[in-house]
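Scroll down for the structure; my scribbles are underneath it.
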Amino acid sequence: MESPNVEITATINNVHRTLSVSPDESLLAALRRASYFSVKAGCDDGSCGVCIVLVNGKPVRSCKIKAVDMNGAAITTLEGLSQDDNLHPLQVAFMNTGAIQCGFCTPAQILSAKALLDHNLNPTDDEIRKALNGALCRCTGYVRGVDAVQRAAAMLRGEKPAPYTHIAQILPEEDESLDLPEAFYRRDGSRNPLPPLVFTPRDMSQTQVVGKPEIKVDARKLAEGRPVFTDDFRLEGMLYGALLTSPHAHARILRIDASKARALPGVHAVLTHEDIPRIKYASGGQSYPQPPPYDQVSLDDKVRHVGDRVAVVAAETPGIAKQALALIEVDYEVLPIVVDPEQAMQESAPVIHDEPDTEGIHDAQRNIVHHIEAEVGNVNQAFAEAEHVFEGTYRTPRQQHVHLEPHVCITYWDEDDRLVIRTSTQVPFHIRRMVAPLIDLPVKRIRVIKPRIGGGFGNKQEMILEDLCALLTLATRQPIRMEYTRTQEFTSSRNRHANIIHYKVGVTGDRVTAANLYLIGDTGAYGAHALTVNMVGGFKGLTLYNPPNARFVCDVVYTNTPPAGAFRGYGAMQCQYGIEILMEEIATELGLNVSDFKRNNWLKIGENMHLSKALGEGREGTEQSLLSSGLEQCVRIGLQATDFEAKRRSHRGQRGRYCRGIGMAVVMHGSGIADLDMAAATLKMNDDGSFNLLIGATDLGTGSDTILAQIAAEVLGIPLKDVIVYSSDTDFTPFDKGAYASSTTYISGGAVRKAALQIKAMILEHAALMLDYPEPSNLKLEDRRVIAPDGRLVTLSEVALSSLHQQNQHQIMATASHTSPLSPPPTAAQFAEIVVDTETGHIDVERLLMVVDCGRVINPITAAGQVEGGMTQALGFALTEEMLFDQDGQPLNPNLVKYHIPRAAEMPATDVIFVQTNEPSGPFGAKSVAEISIDGVAPAIASALHDATGVWMREVPYTSERVKAALHE
Ligand code: FES
7 MESPNVEITA TINNVHRTLS VSPDESLLAA LRRASYFSVK AGCDDGSCGV CIVLVNGKPV
67 RSCKIKAVDM NGAAITTLEG LSQDDNLHPL QVAFMNTGAI QCGFCTPAQI LSAKALLDHN
127 LNPTDDEIRK ALNGALCRCT GYVRGVDAVQ RAAAMLRGEK PAPYTHIAQI LPEEDESLDL
187 PEAFYRRDGS RNPLPPLVFT PRDMSQTQVV GKPEIKVDAR KLAEGRPVFT DDFRLEGMLY
247 GALLTSPHAH ARILRIDASK ARALPGVHAV LTHEDIPRIK YASGGQSYPQ PPPYDQVSLD
307 DKVRHVGDRV AVVAAETPGI AKQALALIEV DYEVLPIVVD PEQAMQESAP VIHDEPDTEG
367 IHDAQRNIVH HIEAEVGNVN QAFAEAEHVF EGTYRTPRQQ HVHLEPHVCI TYWDEDDRLV
427 IRTSTQVPFH IRRMVAPLID LPVKRIRVIK PRIGGGFGNK QEMILEDLCA LLTLATRQPI
487 RMEYTRTQEF TSSRNRHANI IHYKVGVTGD RVTAANLYLI GDTGAYGAHA LTVNMVGGFK
547 GLTLYNPPNA RFVCDVVYTN TPPAGAFRGY GAMQCQYGIE ILMEEIATEL GLNVSDFKRN
607 NWLKIGENMH LSKALGEGRE GTEQSLLSSG LEQCVRIGLQ ATDFEAKRRS HRGQRGRYCR
667 GIGMAVVMHG SGIADLDMAA ATLKMNDDGS FNLLIGATDL GTGSDTILAQ IAAEVLGIPL
727 KDVIVYSSDT DFTPFDKGAY ASSTTYISGG AVRKAALQIK AMILEHAALM LDYPEPSNLK
787 LEDRRVIAPD GRLVTLSEVA LSSLHQQNQH QIMATASHTS PLSPPPTAAQ FAEIVVDTET
847 GHIDVERLLM VVDCGRVINP ITAAGQVEGG MTQALGFALT EEMLFDQDGQ PLNPNLVKYH
907 IPRAAEMPAT DVIFVQTNEP SGPFGAKSVA EISIDGVAPA IASALHDATG VWMREVPYTS
967 ERVKAALHE
């Protein structure tokens, strides 16, 4: 029985409110129920802090206090910060500096900062980080947030900070000296935020909107905490869905009885495997046809990991749904388990997928879901002829994405009996196609809406809740809301493949002549992304140094652990971690300068990528060669900015408890999937000369809506504010494969550019008609006007009005699609400076610097945000983040207390420098930036650790215990 409600009176955002709350209800739940949707929920235990509000001026976690205790309190939520149309300086500064990415943590961050600035208008960097420390952010790296608070403080002191922008410099030629702004040497040891530094080649063409630090098009609504996320939406009669998960890592369901749950008042449906048809699918959101195996069903009679799906309920309140789950009786036959991928391949190991109806498993008896082999050249002969042969084995852990908005989905029937799925997804179009057969509805009766997304990083490139939520709506005919708990994010969503990476490298002189990579990928209980992640790992891991003789052998293995899936870095970061360490080990062994050795071998412009045909993504690829690279300049700039060689010399022979180290790694990634990814874009002209840009591309907080609008605005000669972006809705926006594979800027941007060029041609043609000018191609489109060589002009608004209402009436509108036979790699040099406490093993990272070539930088502020955020996730991967399981497959750290991600106060100086190049196949010369940012931190810290201590550590994360053990070995 739920207790009766009581009334409380509180002042919320300066307004007296009376709320009816239940005695056990948290302030968080009560505020959201009262439509203060800026207050977010991100965890189950108060550890994430995105629910922070101000109570009597102090930041408190609203999930940790009861609403009944708030009688008489003064509560401030983000909705209360702006007055009429006037934003608080903190909101303005967060928008201007790019401190807002997905925006899910923004309310808590801004309110935490407000509490600080209310009593301290001159905060230090440390004080700001301490204030922000309670609210986790997974997107940003906190750099711009700290900057934003400093700027807001200045505004509140009555100062007028200069407009926020990057630092622009001309890229020197090879024989010219390099002038870096003094701050980028970090000689004072501070970690104050620096704006991104952008180097531009002298001959790069000028642009008006592209390349400018435009404020994100969605920044204002996120800064105001408007109801823009999936869950900020209520429907009459909405029921709450909940998922019963398996307590066992491997078991057969012998009996399941939901009768007591169904009899509970307020329960509208309970579904088990007995209630739905058995239809096999693969949950990874990938292009049609998805790579095998199709090894899942929505609800099964067997469970394969703790957290696997058992049953779902729909009830009138979350509390009743929870009670109903407890009433479902399940008899399990517990089966033997295996959690180690090497043991899983043994003949004696338990068989995880013994069902007869899964196709596409390479060797089900040995749990090997995929076995991949690819080779170029003559590897055996090259090894036989090599002067030296080196080998190394490297291990990387399972990492959780920890997007702060959990998976959440709302399904309902619309007035035309079509099923609407409002969901936090990276792949709305794939979801529509994938869910259709599971719920027995044709695609045409399904509409998927993607609102703002609170981060994804690959974990929302999966069908996680949509099928279950839809099945409950089908069963009840009512709207259903389902959301994962934070624990379920760890046990029942996806994670990064743990890898065992064995490299063998042959060297003659200073040249790598042969390489062999044997990779074991642990895909957990299901094979979503099993093939593609590990193929990408093999391709990138053997192409960075591109030896002419290379072999890739890979086993992707099932274990009784939560399934792995897509995660930023996508196999490439794991394999580049291995090869980068081994390359430095080799250089050290042979007495070579490490950067020279790498330079002599890394992939260069004009070179064919030897494995590009053999290792596509889940299939044969296409021949590719490198058309642009700024890696040489990236390394040069980074070496100078860190004073690398001098520091290395000074570290030689150091003694004592605290030892310093500096490390470097070079990395490459890709831009989309060659010859597979497709995106389309639609542009439509309005009466006032503005344009609607309709895109299926999925902005997860990355800023892709903004940079795609910048591309359109650049072509059309208009300011960014004249482009109204809408993404994504399968009914209204054209197809896009979704946000993954670092494809949005390159592929979706290509589609936007093509559509804009078509629109431009239509505008010129109509303007020629209006001006009675014979040759449209001689007209110029700039500053919202079309200008003839003789000086006559018409405005875009006049063109729009004429074309819609007067002459040759038609809608100026275009849709264009784009694919590419290439996936041009961005390249980067990552630097890390650390201090190692040799007694405790603790690593204190003092500075991370990434110097990145991502082609033309479309927006330096959003691009820098991507790099800072990626480095921060990689810092967690390198130092603390590892999903742990006991021998029974029980998770040991499925929460944000035991699983530690970086907080604001723990961050080192985090600097970004761009070296612009002109990628001929990219829109305005752009390549991708989102994923390369995560690839280099772990190997750079490994390199620094060796510099500090002389010890090579070949397994991340470098926890204090692990480092201490290695140092004392
Ligand atoms: Fe902080 Fe996304 S912007 S979690």
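Each residue of the sequence shown is one higher than the one before, counting from 7 in the working numbering. Cβ atoms here follow ideal geometry from the backbone N, Cα and C, with glycine treated the same way.
Asked	Found
Helix or strand or just coil, what does DSSP make of R655?	helix
Would you check if the region 829–836 and the region 632–642 touch, i.e. whether three or more CB-CB distances between them fall below 8 Å?	yes
Just confirm the distance between the C-beta atoms of P485 and L245, as a whole number of angstroms; I'd bet it's less than 8 Å.	7 Å
Could you say which of F837, L34, I592, A80 lies nearest to Y191 if we only look at CA atoms?	F837
Note the first and the last residue of the continuous alpha helix (DSSP H) segment covering E874.	866–885
Any contact between the region 417–427 and the region 473–485? By contact I mean 3 or more CB pairs, one from each, below 8 Å.	yes
Just to confirm before moving on: does the CB-CB distance between A79 and A16 stay below 8 Å?	yes
Under 8 Å by Cβ, that's how I've got G313 and T251 pegged, so tell me the actual separation to the nearest angstrom.	5 Å
With respect to the alpha helix (DSSP H) encompassing V312, which residues constitute its N-terminal and C-terminal limits?	Where V312 is concerned, there is no enclosing alpha helix (DSSP H), given that its DSSP letter is neither H nor E.
Is Q97 a contact residue of ligand 1, with contact defined as CB to any heavy atom under 7 Å?	no
Could you give the distance in angstroms between the alpha-carbon of D892 and the alpha-carbon of R453?	42 Å
Should R144 be listed as close to ligand 1, given that the test is whether its C-beta is under 7 Å from any heavy atom?	yes
Does at least one heavy atom of ligand 2 sit under 7 Å from the Cβ of T878?	Ligand 2 is not part of this structure, which contains only ligand 1.
For a test of the three-state rule: what should DSSP assign to H811, helix, strand or coil?	helix
Compare the beta carbon distance of I334 and H256 with 8 Å and say whether it is the shorter of the two.	no
Given A794, which residues of its chain have a CB within under 7 Å of its CB, disregarding the five upstream and five downstream residues?	L777, Y779, L785
Report the start-end ranges of each beta strand (DSSP E) in the region 728–798 that is 3 residues or longer and not cut off at the edges.	729–732, 786–788, 791–793
Under the three-state reduction of DSSP, which class applies to L34: helix, strand or coil?	helix
Under the rule that 16 or more other beta-carbon atoms within 10 Å means buried, what is P457, buried or exposed?	buried
F389: beta carbon under 7 Å from a heavy atom of ligand 1?	no
Going straight from the alpha carbon of D75 to that of R39, what length do you get?	17 Å
DSSP beta-bridge partners for L425?	W419, I452
Counting Cβ pairs, one atom from each stretch, are 3 or more of them under 8 Å apart for the region 696–710 and the region 860–872?	yes
Using 8 Å as the threshold, is the C-beta distance between A578 and P553 below it?	no
Apart from the five residues just before and just after I470, which ones in its own chain have a Cβ nearer than 6 Å to its Cβ?	H413, S499
Between which residues of its own chain and P201 is the CB-CB distance below 6 Å, once the five residues before and five after are set aside?	H172, I173
With a floor of 4 residues, list each alpha helix (DSSP H) that falls wholly inside the region 489–545, ordered by position along the chain.	492–498
Helix, strand or coil for F190? Go by DSSP, reduced to three states.	helix
Taking G1000 as the reference, which of K546, D446, N102 has the closest Cα?	Residue coverage of the chain in this structure runs from 7 to 975, which leaves residue 1000 outside it and unanswerable.
Look at the alpha carbon of N901 and the alpha carbon of L689, and state the distance between them as a whole number of angstroms.	44 Å
Residue range of the beta strand (DSSP E) that M674 falls in?	664–674
Since D859 is in the beta strand (DSSP E), which residue starts that stretch and which ends it?	849–859
At a cut-off of 7 Å, is G707 close to ligand 1 when judged by its beta-carbon and the heavy atoms of the ligand?	yes
Any heavy atom of ligand 1 closer than 7 Å to the Cβ of Q107?	yes
For G464, which option in I262, Y746, V842 has the closest C-alpha, if you only look at C-alpha atoms?	Y746
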